[in-house]
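Note sheet for the following structure.
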Amino acid sequence: MMDKAPDPSYAGMVRGGPTESDEGTLVTGVGEGRRLEPPTFQDILHARAVVRRYLAPTPLVHSPLLSERLGCTVYLKCEQLQPIGAFKVRGGIYLMSRLTPEERARGVVTASTGNHGQSIAYAARLFGIRAIVYAPEGANPLKVAAMRRLGAEVVLTGRDFDEARLACEARAAAEGLRYVHSANEPDLIAGVGTYALEILDEVPDVEAVLVPIGAGSGVCGTGIVMKTVNPAIQVIGVQAAGMPVVYESWRQGRLLELAEGYTFAEGIATRVAFELPLRIIRERVDDIVLVTDEEIARAMVELLETRIVAEGAGAAALAAAYRLRDRLAGKKVVLVVSGGNVTLETLRWAFSVYDASAAASR
Numbered sequence: 001m002m003d004k005a006p007d008p009s010y011a012g013m014v015r016g017g018p019t020e021s022d023e024g025t026l027v028t029g030v031g032e033g034r035r036l037e038p039p040t041f042q043d044i045l046h047a048r049a050v051v052r053r054y055l056a057p058t059p060l061v062h063s064p065l066l067s068e069r070l071g072c073t074v075y076l077k078c079e080q081l082q083p084i085g086a087f088k089v090r091g092g093i094y095l096m097s098r099l100t101p102e103e104r105a106r107g108v109v110t111a112s113t114g115n116h117g118q119s120i121a122y123a124a125r126l127f128g129i130r131a132i133v134y135a136p137e138g139a140n141p142l143k144v145a146a147m148r149r150l151g152a153e154v155v156l157t158g159r160d161f162d163e164a165r166l167a168c169e170a171r172a173a174a175e176g177l178r179y180v181h182s183a184n185e186p187d188l189i190a191g192v193g194t195y196a197l198e199i200l201d202e203v204p205d206v207e208a209v210l211v212p213i214g215a216g217s218g219v220c221g222t223g224i225v226m227k228t229v230n231p232a233i234q235v236i237g238v239q240a241a242g243m244p245v246v247y248e249s250w251r252q253g254r255l256l257e258l259a260e261g262y263t264f265a266e267g268i269a270t271r272v273a274f275e276l277p278l279r280i281i282r283e284r285v286d287d288i289v290l291v292t293d294e295e296i297a298r299a300m301v302e303l304l305e306t307r308i309v310a311e312g313a314g315a316a317a318l319a320a321a322y323r324l325r326d327r328l329a330g331k332k333v334v335l336v337v338s339g340g341n342v343t344l345e346t347l348r349w350a351f352s353v354y355d356a357s358a359a360a361s362r
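Its first residue numbered 1, the sequence shown is counted upward by one per residue in the working numbering.
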């Protein structure tokens, strides 16, 4: 599978997915008719007070090598060093801390390609809550094994995240479980937004932050923090060219669904855009950049040169920085390394892409 070329075509995109409501109430996706309102900056400050009880701040490291190559001052926010190897654990902890006693007693169910599922499994164990995770049949085996080690019941079903999500939603409705959406959750977004506060703690004069986009919680939390503190800070999202549904939804101003799509970077692989993230992205994010799987693979190898192991999604921000080199020239730039859960098979493939690119440029 790893030698499969990404499919950059999105001619099969159709209107679909979750629906919108003028009153701001989610029709599908979260369940129980709960209102969807974006978290505020104050919500994220409150989340930090909770999250810091369980997680230490992750390093923000300056990279002289990447700074020289890109012509700007590059910092890497190392979220791959979280206990689950990804930023999403912040959101899982904060969301679980906010559940009602009734919701905790019923248990939670979620759908994930791996990192979100790990975050829910980790936080559920922390708070003594039953957790069920639906993942696609081809999910990263490292992430599946990690979820099971954390005590979650893992159900593998469907060809991709969105098919697993539909099965998950059906079980939540049938058994009365608290369905935890991967993005349509204000508390989840508030929790992951705490890493943006840490960025400002260390580089208050940051000028641009590049963030990979899957479901969208990370870029949303970043946008809320940065645009509240300093609207001049550029917040730039990154999607895979083979699965650009958030990019196209943002560009067209409406929710879209992909009929087909492919990227090896499962952390940013989704065929459906979601209400709450799209609303925040349109208000708080300056731009979204598309990068190819080959560009992501090369970025993974370059991060290894800096002694950072990143999965595909975690390297997407660096791939985008190369595309935006002229725009970022001379600026202070933070690249969010969102996760580091990568298999040896994927690393070998990334090296083969890097070597082929180097040979072609000689």
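Note that beta-carbon positions come from the ideal geometry of N, C-alpha and C, so glycine has one too.
Would residue i and residue j qualify as a contact pair, given that the criterion is a beta-carbon distance under 8 Å?
i	j	result
G267	G193	no
M243	A269	yes
F161	T113	yes
G223	I280	yes
A196	V225	yes
A146	V133	no
L290	L318	no
E175	L156	no
Y94	A152	no
L258	S249	no
Among the candidates the options, whose CA atom is the shortest distance from the CA of residue i?
i	options	result
Y54	T157, G91, D43	G91
G392	Q42, P83, E37, L328	Coverage of the chain is limited to positions 1 through 362, which leaves residue 392 absent and any answer about it impossible.
L177	G158, A183, N184, C168	C168
V337	V51, S182, V238, K77	K77
I236	E257, E283, D293, L258	E283
S119	L65, R148, P64, K88	K88
H116	G191, P64, D43	G191
A164	L303, R271, V353	R271
G107	L70, Y179, G158, R148	Y179
G71	A359, Y322, A350	Y322
P231	R69, V219, S217, E207	E207
G218	V203, A241, V353, P186	P186
E198	P39, V353, S352, V51	V51
Y247	V144, I44, V285	V285
P212	A310, E202, L328, L142	A310
Reducing DSSP to helix, strand and coil, say where residue i ends up.
i	result
R254	coil
G340	coil
V272	strand
I132	strand
S21	Here S21 scores only 30 on pLDDT, less than 50, and its place in the model should not be relied on; the value that follows carries that caveat. Coil, per DSSP.
L26	A caution first: L26 carries a pLDDT of 33, below 50, which makes its placement in the model unreliable, though a value can still be read off. Coil at L26, not helix or strand.
C78	strand
T73	strand
K143	helix
L36	coil
E198	helix
K227	helix
D287	strand
Could you give the first and the last residue of the continuous beta strand (DSSP E) run that contains residue i?
i	result
E345	Run containing E345: none in the beta strand (DSSP E); it sits in the alpha helix (DSSP H), 344 to 361.
V238	234 to 240
T110	108 to 111
V206	Note, V206: premise wrong, no beta strand (DSSP E); not H, not E.
To which residues of the same chain is residue i closer than 6 Å at the C-beta, ignoring the five residues directly before and after it?
i	result
M96	A123, F127
V74	S63, L66, S67, V333
A105	none
L347	none
R130	G107
L150	A121, Y122, R125
Just curious, the alpha helix (DSSP H) that residue i is in, first and last residue?
i	result
E295	293 to 305
V180	Element bounds for V180: not the alpha helix (DSSP H) but the beta strand (DSSP E), 178 to 180.
Give every residue of the same chain whose Cβ lies closer than 7 Å to the Cβ of residue i, excluding the five residues on either side of it in the sequence, and list them in chain order.
i	result
V229	L200
Y354	A297, R298, V301
Determine, for residue i, whether the minimum Cβ-Cβ distance to residues of chain C falls below 8 Å.
i	result
L177	Absent from the structure is chain C; it holds one protein chain and no more.
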